[in-house]
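At position 133 of the sequence shown (counting the first as 1) the number is 956 in my numbering, and the numbers step up by one without a gap. Using N, Cα and C, we set each Cβ at its ideal position, and we do this for glycine too.
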Amino acid sequence: MIEEKSIIKVGMADLNVSTSGGILRTTGLGSCVGLTLYDPVQKVGGMAHVMLPSSAIAREGQLNLAKYADTALPILLNKLRELGASPLRLVAKMAGGAQMFTFAGSGDSMRIGPRNVESCKEGLQQMNIPLIGEDTGGNYGRTVELDCTTGKFTIRSVQKEIKEL
Numbered sequence: 824m825i826e827e828k829s830i831i832k833v834g835m836a837d838l839n840v841s842t843s844g845g846i847l848r849t850t851g852l853g854s855c856v857g858l859t860l861y862d863p864v865q866k867v868g869g870m871a872h873v874m875l876p877s878s879a880i881a882r883e884g885q886l887n888l889a890k891y892a893d894t895a896l897p898i899l900l901n902k903l904r905e906l907g908a909s910p911l912r913l914v915a916k917m918a919g920g921a922q923m924f925t926f927a928g929s930g931d932s933m934r935i936g937p938r939n940v941e942s943c944k945e946g947l948q949q950m951n952i953p954l955i956g957e958d959t960g961g962n963y964g965r966t967v968e969l970d971c972t973t974g975k976f977t978i979r980s981v982q983k984e985i986k987e988l
């Protein structure tokens, strides 16, 4: 019997969680980071599509907490706990953080991709969650999936081989 797996889409500046049988997918990762957390015992996973490194730069009235690395990670952790995940078993994988455009003479403000990656890594370190796989940097977009049954993280890019972490 073939097991049906449901695709759970994670939009830009969004996050979601799933149990075994679900596949979390996000598309259009350029400078954004697709950050995943997975508990291999409970077989529950979560994914955030992080757009920006810090909520300190937020200008919108109603803050979208899934948009920023520093606020998305704690929410993802709480949602996974609600599904029975143990923070002590969680492992992280991520992809994205590309430098999609080059700007002559521009400073740190245009390094959105690398800063997103750095901010995600800092958050994981603060929460003592090991980063066990990543495909970050470069200058190309990615689509990523996390299979919540196996923990397999798949990265697809135009003109690149499919990677599995």
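Asked: Use the C-beta contact count for V833: other C-beta atoms within 10 angstroms, 16 or more gives buried, fewer gives exposed.; Found: buried
Asked: Are the beta-carbon atoms of L954 and G868 separated by less than 7 Å?; Found: no
Asked: Exposed or buried, which one is M917 when buried takes at least 16 other CB atoms within 10 Å?; Found: buried
Asked: The beta strand (DSSP E) spanning S841 covers which residue range?; Found: 838-841
Asked: Measuring straight from C-alpha to C-alpha, what distance separates I831 and S841?; Found: 8 Å
Asked: Using C-beta distances below 8 Å, list every residue in its chain close to R934, excluding the 5 sequence neighbours before and after it, in chain order.; Found: Q922
Asked: Within 10 angstroms of the Cβ of S854, are there 16 or more other Cβ atoms? Answer buried if so, exposed if not.; Found: buried
Asked: Check whether the region 935-943 touches the region 887-897, taking contact to mean three or more Cβ pairs, one atom from each stretch, closer than 8 Å.; Found: yes
Asked: Candidates L913, L947, V967: which alpha carbon is nearest H872's?; Found: V967
Asked: Considering only residues of the region 870-955, which uninterrupted beta strand (DSSP E) runs meet the minimum length of 3 residues and lie entirely inside it, listed in chain order?; Found: 914-919
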